[in-house]
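Participant: For the protein sequence lines, the chains are A and B, in the order given.
Letter by letter, the first sequence follows residues 29 to 338 in the working numbering.
Letter by letter, the second sequence follows residues 64 to 442 in the working numbering.
Glycine residues also receive a C-beta, built at the ideal position from the N, C-alpha and C atoms.
Source: prediction; values computed, not measured.
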Amino acid sequence: MDSSFALFIVVATIASGIRLATPFLLASLGEALGQRSGVLNLGVDGVMLISAFGAYYAVLKTGNLMYGLMIGIAIGLLLGLFYAFITITLRAEQGVSGIGIYLFGLGMSDLLFQKLVGTPRPTLPFMPLDIPVLSQLPILGEMLFQHSLIVYIAFGLVPIMSFILNRTNYGLNVRAIGENPEAADSLGVSVILTRYSTLIIGNGLAGLAGAALAIEMGIFQQNLTNAMGFIAIALVYFGAWTPKGVMIGSLVFGLVQAIVLQCKSFGIIPRSASDLAAMTPALITILALVVVAKRFRQPAALTKPYVRGE
Amino acid sequence: MNRSLIGFLIPLSAVFTALLIGAVMLASLGANPINGYLTMLHAAFGSMEGIANTSVKSIPLLLVGVGICIAFRANVINIGGEGQMVVGALMATAAALALPNTPSPILIPLILIVGAIGGAVWGGIAGALKAYFNVSEILSTIMLNIVAVQIMNFLLRGPLIDPGEIERGTRIPQTARLPLASDLPILIEGLRMHLGFVVALLVAIGAYFLLWRTSFGFRLRSVGYSRDAARYAGISVRKNIVGALALSGAMSGVAGAILVFGSVSHRMVTDGSSTGFTGSAGFNGIVVALLAGLHPIWSIPSALLFGGMLVGANALQRAAQVPSALIIALNGLIVIFVVSSEYFRQRSLQTTRATPSSDDQSEADVSIISSDDEGGQNG
């Protein structure tokens, strides 16, 4: 194998790793926001599934990818409102109600697909959006600047979210109610409203993640996400609740997947072992959880419903 | 009003609310909701055959549900039922394939025990990660589900595949026909009801005695009430967390084994996902346990109800072309409504409570699925 070919493979693998990381990144940024405010949302996968179907259906009917993205976000926002009502107003146990949302999404998306579409029909995929000048750079251009719009949106959100969390009043409030809601409440921060907002925005991002996935794949099928939403939740722990950490985690995940896919296509990994290779992301996550649990502390109020003391 | 009556009526009305929404969904799918539900009811409970099918469907739900009761009583959230079922089933399958000439009376107890061990190991890993490394069991069990599925795909496509599939070149990822001696005996001639149902009932009754009649159960529930109080009383919180998850996993493991040895094909097959094997029983068992108020005995009718819904859903799909995915969505809504109803239950209990009396069972139900060590917050 000569060196220019090897370089080509490396560049292609990294580019596909970035693309594969995108839905994880969007979903886990949303989850991180909710967790920073003290609410665990285990329903991400269900939200992604319904949004993915909504986006797929919108694109199938209109041929317009933007409608797909917007429908995906809208479904996420609505489910976020619903989840916020259950866990904040009714103070339901967060782990279990999230599983409820997951099952609802798993069934509902399949039901809608079977009723409205039936047999799988492909839709248009994203067109890559080359960034002028930068995309012409050797190597880096192909790796970083020849992606679809959604990839730039996802990675662009990382500094924006860092800024909001660390440099704005709103971000300070979010972090305060995630650590000590009683104290924040006594200073006049509305715990309820702030948590509603983080969950609605966070699920909106999960919806966008689902939409991005469906449009990227150009198809919908039962259980399209295949537990991606759950991995996105683990990535929040992996990234120690910071947008930057979450991004690194998503990239690691995307790259591992890309490398596994690449090895499979070259037959480096025997076919029979590719199932074992497919479990590496989950194993890495378990290891990361052990390390993170030792070195970082989760938001102190995570999973605890807030009840104003009388 | 009577407390335990409230404790029962409120979750039940949550289920009815979900079923009402289901009726709206049926109507919007173009099916008459009343006829739809009647079709389901008739298919599930209207004949001996229906009741037998419902019982068979309820076996994994009951076993996983009882395991969930145990875990949640110790205040650990086990979301790994799916993976524990898969690992239990794989180990039991491998054992049966390795011992083809063992007589039934030895082989059947053996494979059930091996299944239990497989599930217990898978649950125990999550327990150890929580107890000794402080890793949230919610996350580790989810990750272990993913790992288990890949192990299943690997084994059923490679080492455990039916040699016939390789000869024919079809390569369907399934095992050979398991030894006849490992078939779970049919209880009633001509119906599908098999020994697994009796096993599940016995496990449920056993779990009740374990939780309320043994010191192990007492320690487990103490840890669930308050980790700090248990620690001061000299109870090892770590050991009980591992124990609760291992025991809970063992029951899912048995459920997985029964799913294989009580199946029609008597093979273990994969479609690449865990749902394809478990039918989401690892998650639906959570619904069963919640509706039962985390009580193993109440889990029996609860599992029969949900088993009946699954049987009914298949009938509905045939009769009215309503995809059976409707029932998965409906189960999700039931979970959501039942956990949300906890809020109303607590409120009505607070208004009827004369004195803040100590630990009778119905009160234990109230705070049992609140999160870590914060029972005092709701006062």
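Distance, Cα to Cα, H8(A) vs V145(A)?
Facilitator: This structure cannot speak to residue 8(A), because chain A is shown only from 29 to 338.
Participant: Suppose you measure from the CA of S91(B) to the CA of L140(A); what does that come to, to the nearest Å?
Facilitator: As a working note, residue 91(B) is residue 28 in the second sequence. As a working note, residue 140(A) is residue 112 in the first sequence. Computed Cα separation, rounded: 11 angstroms.
Participant: Alpha carbons only, please: which of L77(A), L315(A), S190(A) is nearest the one belonging to Q249(A)?
Facilitator: Taking the first sequence and counting its residues from 1, the one referred to as residue 249(A) is at position 221. That would be L77(A), whose Cα lies nearest to the Cα of Q249(A).
Participant: Of all the options I97(B), A352(B), V129(B), which has the alpha carbon lying nearest to the alpha carbon of A313(B)?
Facilitator: Counting from one through the second sequence, the residue named residue 313(B) turns up at place 250. Closest option to A313(B), Cα to Cα, is V129(B).
Participant: Determine, using beta carbons only, whether Y180(A) comes closer than 8 angstroms to chain B.
Facilitator: Looking up residue 180(A) in the first sequence gives position 152. It does not: the Cβ of Y180(A) has no partner Cβ on chain B nearer than 8 angstroms.
Participant: Could you tell me the distance, in whole angstroms, from the CA atom of P222(B) to the CA atom of T117(A)?
Facilitator: Position 159 of the second sequence, counted from the start, is the residue given in the question as residue 222(B). Position 89 of the first sequence, counted from the start, is the residue given in the question as residue 117(A). Straight-line Cα distance between these residues: approximately 51 angstroms.
Participant: Going straight from the alpha carbon of L173(B) to that of L227(A), what length do you get?
Facilitator: Counted from its first residue, the second sequence places residue 173(B) at position 110. Counted from its first residue, the first sequence places residue 227(A) at position 199. Cα-Cα distance, rounded: 48 angstroms.
Participant: Around the Cβ of L35(A), are there at least 16 other Cβ atoms within 10 angstroms (buried) or fewer (exposed)?
Facilitator: For the purposes of this step, residue 35(A) is identified with residue 7 of the first sequence, where counting begins at 1. It counts as exposed.
Participant: Compute the Euclidean distance between the alpha carbons of G335(B) and A318(B), then round it to the nearest angstrom.
Facilitator: Residue mapping note: residue 335(B) aligns to position 272 of the second sequence, counting from 1. Residue mapping note: residue 318(B) aligns to position 255 of the second sequence, counting from 1. Those two C-alpha atoms are separated by around 19 angstroms.
Participant: Would you mind working out which of F407(B), Q409(B), I399(B) sits nearest G128(A), comparing C-alpha positions?
Facilitator: By 1-based counting over the first sequence, the position of residue 128(A) is 100. The shortest C-alpha separation from G128(A) is found at I399(B).
Participant: Under a three-way DSSP split, which group does Q142(A) fall into?
Facilitator: Numbered from 1 along the first sequence, position 114 holds the residue referred to as residue 142(A). The answer is helix: DSSP assigns Q142(A) an H, G or I state.
Participant: Express the C-alpha separation of T341(B) and Y111(A) in angstroms, rounding to a whole number.
Facilitator: Mapped onto the first sequence, residue 111(A) falls at position 83. Mapped onto the second sequence, residue 341(B) falls at position 278. Near 27 angstroms, if we compare the C-alpha coordinates of T341(B) and Y111(A).
Participant: Hey, quick one: how far does the alpha helix (DSSP H) through T102(B) stretch, first residue to last?
Facilitator: By one-based count along the second sequence, residue 102(B) stands at place 39. Residues 96 to 108.
Participant: Could I get the ranges of all uninterrupted alpha helix (DSSP H) runs contained in the region 197 to 261 of chain B, with 4 residues as the minimum, in chain order?
Facilitator: Entirely contained in the region 197 to 261 of chain B, the alpha helix (DSSP H) runs reaching 4 residues are, in chain order, 200 to 220, 226 to 231.
Participant: Please classify V332(B): does DSSP put it in a helix, a strand, or coil?
Facilitator: Stepping through the second sequence from its first residue, residue 332(B) is reached at position 269. Residue state, collapsed to three classes: strand.
Participant: Is there a Cβ from chain A that is less than 8 angstroms from the Cβ of G438(B)?
Facilitator: As a position in the second sequence, residue 438(B) is number 375, starting the count at 1. Bear in mind that the predicted position of G438(B) carries a pLDDT of just 34, short of 50, making it unreliable; the figure below should be weighed with that in mind. Answer no: the Cβ-Cβ gap between G438(B) and chain A never drops below 8 angstroms.
Participant: Would you say F400(B) touches the ligand GTP, meaning its beta carbon is less than 7 angstroms from a heavy atom?
Facilitator: In the structure shown, the ligand GTP is absent, as is every other ligand, since no ligand is present at all.
Participant: Compute the Euclidean distance between the alpha carbons of S302(A) and F279(B), then round it to the nearest angstrom.
Facilitator: Here residue 302(A) is taken as the residue at index 274 of the first sequence, counted from 1. Here residue 279(B) is taken as the residue at index 216 of the second sequence, counted from 1. If you take the alpha carbons of S302(A) and F279(B), they lie about 43 angstroms apart.
Participant: Flag A267(B) as yes if its beta-carbon sits less than 8 angstroms from any beta-carbon of chain A, otherwise no.
Facilitator: Sequence index remark: in the second sequence, residue 267(B) carries index 204 (1-based). Chain A contact via Cβ: absent.
Participant: For M331(B) versus T165(B), is the C-beta distance shorter than 8 angstroms?
Facilitator: Sequence index remark: in the second sequence, residue 331(B) carries index 268 (1-based). Sequence index remark: in the second sequence, residue 165(B) carries index 102 (1-based). For M331(B) and T165(B), no; Cβs fall outside 8 angstroms.
Participant: Pull up the CB-CB distance for A344(B) and L124(B), whole angstroms please, since I reckon it's below 8 angstroms.
Facilitator: Along the second sequence, read from residue 1 onward, the residue named residue 344(B) stands at position 281. Along the second sequence, read from residue 1 onward, the residue named residue 124(B) stands at position 61. The pair is a contact, with the Cβ atoms about 6 angstroms apart (cut-off 8 angstroms).
Participant: Going along chain A in order, which residues have a C-beta closer than 8 angstroms to the C-beta of N116(B)?
Facilitator: For this step, residue 116(B) is matched to residue 53 along the second sequence. Going along chain A, no residue has its Cβ under 8 angstroms from N116(B), so there is no contact; the nearest lies around 21 angstroms.
Participant: Leaving out five residues before and five after I247(A) in sequence, what residues of the same chain have Cβ atoms less than 6 angstroms from its Cβ?
Facilitator: As a first step, residue 247(A) must be located in the first sequence, where it is residue number 219. Same-chain partners within the cutoff: P148, P150.
Participant: Using the C-alpha atoms, what's the distance from L354(B) back to G297(B)?
Facilitator: As a working note, residue 297(B) is residue 234 in the second sequence. As a working note, residue 354(B) is residue 291 in the second sequence. Approximately 33 angstroms between the Cα atoms of the pair.
Participant: Residues of chain A with CB closer than 7 angstroms to the CB of E230(B), please, in chain order.
Facilitator: Along the second sequence, one-based indexing puts residue 230(B) at 167. By Cβ distance, chain A contributes nothing, its closest Cβ being about 17 angstroms from E230(B), past 7 angstroms.
Participant: When you compare the CB of A120(A) with every CB in chain B, is at least one pair closer than 8 angstroms?
Facilitator: Walking along the first sequence from the start, residue 120(A) turns up at place 92. At least one chain B Cβ lies under 8 angstroms of A120(A).
Participant: Enumerate in chain order the residues of its own chain whose CB-to-CB distance from G206(A) is below 6 angstroms, with the five nearest sequence positions on each side excluded.
Facilitator: As a first step, residue 206(A) must be located in the first sequence, where it is residue number 178. Excluding positions up to five away in sequence, the list reads R64, S65, G66, P327, A329.
Participant: Over what stretch of residues does the alpha helix (DSSP H) that includes Y334(A) continue unbroken?
Facilitator: Residue 334(A) sits at position 306 when you count from the first residue of the first sequence. Per DSSP, Y334(A) belongs to no alpha helix (DSSP H) and is neither H nor E.
Participant: Count Cβ pairs between the region 164 to 178 of chain A and the region 285 to 292 of chain A that sit closer than 8 angstroms; are there 3 or more?
Facilitator: No, because fewer than three Cβ pairs between the region 164 to 178 of chain A and the region 285 to 292 of chain A fall closer than 8 angstroms, the two stretches do not touch.
Participant: Closest to L57(A) by CA distance: which of S278(A), I46(A), L48(A) is it?
Facilitator: Stepping through the first sequence from its first residue, residue 57(A) is reached at position 29. Comparing Cα positions, the closest option is S278(A).
Participant: Closer than 7 angstroms by C-beta to L254(B): which residues in its own chain qualify, once you throw out the five before and the five after it? Chain order, please.
Facilitator: Within the second sequence, residue 254(B) is the residue found at index 191, counting from 1. If we look at L254(B) and ignore the five residues flanking it on each side, its Cβ neighbours are M111, E112, A115.
Participant: Label D246(B) either buried or exposed according to how many other C-beta atoms from any shown protein chain fall within 10 Å of its C-beta, with 16 as the threshold for buried.
Facilitator: As a working mapping, residue 246(B) is identified with position 183 in the second sequence. That one is buried.
Participant: Under 8 angstroms, Cβ to Cβ, is there at least one residue of chain D near P242(B)?
Facilitator: In summary, chain D is missing from the structure at hand, where the protein chains are A and B.
Participant: Which residues of chain A have a Cβ atom closer than 9 angstroms to the Cβ of F79(B), listed in chain order?
Facilitator: In the second sequence, the residue the question calls residue 79(B) occupies position 16. Residues of chain A passing the Cβ test: none, with the nearest at roughly 16 angstroms.
Participant: What residues in its chain sit with their C-beta under 7 angstroms from that of T342(A), if we drop five residues either side in the sequence?
Facilitator: One cannot answer for residue 342(A) here, as it falls past the ends of chain A, which runs 29 to 338.
Participant: Check whether chain B comes within 8 angstroms of A310(A), counting only Cβ atoms and requiring the distance to be less than that.
Facilitator: Here residue 310(A) refers to the residue found at position 282 of the first sequence. Yes, its Cβ sits closer than 8 angstroms to a Cβ of chain B.
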